[in-house]
Amino acid sequence: MDAIAQIDKAIVWTKTICFDTKIDPWYLVEEDERLLDGLKDTRLQSTGFEILDIVGRGHFSDASLSRVLEKLYSSNSSVVVVTPDLFGWVVGRKITMDTESVEAILSTISGECAIIPISCNSNHWCAIMIDIAKRIVYIYDAMRSSYQYSVRVDMGVQLDNYNCGLFILLAFEHFTGAPSLGRMDKKLMMYLRYRYLCMCLH
1 MDAIAQIDKA IVWTKTICFD TKIDPWYLVE EDERLLDGLK DTRLQSTGFE ILDIVGRGHF
61 SDASLSRVLE KLYSSNSSVV VVTPDLFGWV VGRKITMDTE SVEAILSTIS GECAIIPISC
121 NSNHWCAIMI DIAKRIVYIY DAMRSSYQYS VRVDMGVQLD NYNCGLFILL AFEHFTGAPS
181 LGRMDKKLMM YLRYRYLCMC LH
């Protein structure tokens, strides 16, 4: 799909969001009339195109996931974000990574926790969350697939095949202090995608 069609589709999608959704104030976002202008301006800025996969049923790319994480945690020194490209992909239950770089990052962590998004076969996201003080590692797979090892029971379960990026971002937020949302319907998931889109465009 070309960029202009993608942006037009995103603009149409933003008009379908239900803003009277009842939700914890932590996740509250209001309709932003300027957001559409931001999307239109993206036509001229190729660096903004990666965020458009947040829209609709898009699969979060490395770039869009990293951008949301930067918006969430760049000013929070207690959370260390390890970018997805450092760990590579999980392919056939094996992970590709630069071991020396991973060791270097993990050995210098000074925050309270670390969050690590992991791409599985480049079409599914899982998450690793490390509580440094308690020396506990959580592995979260929203679909409860064979990649799962241990997970907090109060995190959601993905029932579709395209919202894994959304689920791991919410898991990271919950792990770092946000309230759990429990089971979510389609309207709420669209609303939360809109929230992340707003973060990226501001």
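Under the UniProt record's numbering, think of the first position of the sequence shown as 1, with each following residue one higher.
Heads up, the beta-carbon is just placed ideally off N, CA and C, and yes, glycines get one too.
- In the structure shown, Y140 falls within a strand segment according to DSSP collapsed to helix, strand and coil.
- G165 and L36 have their C-alpha atoms spaced approximately 23 Å apart.
- Taking S119 as reference, the option from Y194, S66, D131 with the minimal CA-CA separation is S66.
- For D131, there is no enclosing alpha helix (DSSP H); the enclosing beta strand (DSSP E) covers residues 124 to 131.
- Following the DSSP letters along the chain, one finds C113 inside the beta strand (DSSP E) bounded by residues 113 to 120.
- Per DSSP, V82 is not a residue of any alpha helix (DSSP H), being assigned neither H nor E.
- Within the same chain, and ignoring the five residues on either side of V80 in sequence, the residues whose Cβ sits closer than 6 Å to its Cβ are I109, G111, A114.
- Taking the Cα positions, A3 is about 45 Å away from R135.
- For G56, the CB contacts under 6 Å within the same chain, skipping 5 residues up- and downstream, are W13 in chain order.
- Straight-line spacing of the CA atoms in A104 and P179 works out to 32 Å.
- C-alpha of I139 to C-alpha of I7: approximately 34 Å in a straight line.
- Closest in C-alpha terms to E173, from the list Y73, H202, C126, comes Y73.
- With a contact defined as Cβ atoms closer than 8 Å, F49 and W125 miss out at about 20 Å.
- Taking the CA atoms as reference points, P84 sits about 16 Å from L170.
- Taking every protein chain shown into account, the CB of C198 has 16 or more other CB atoms within 10 angstroms, so this residue is buried.
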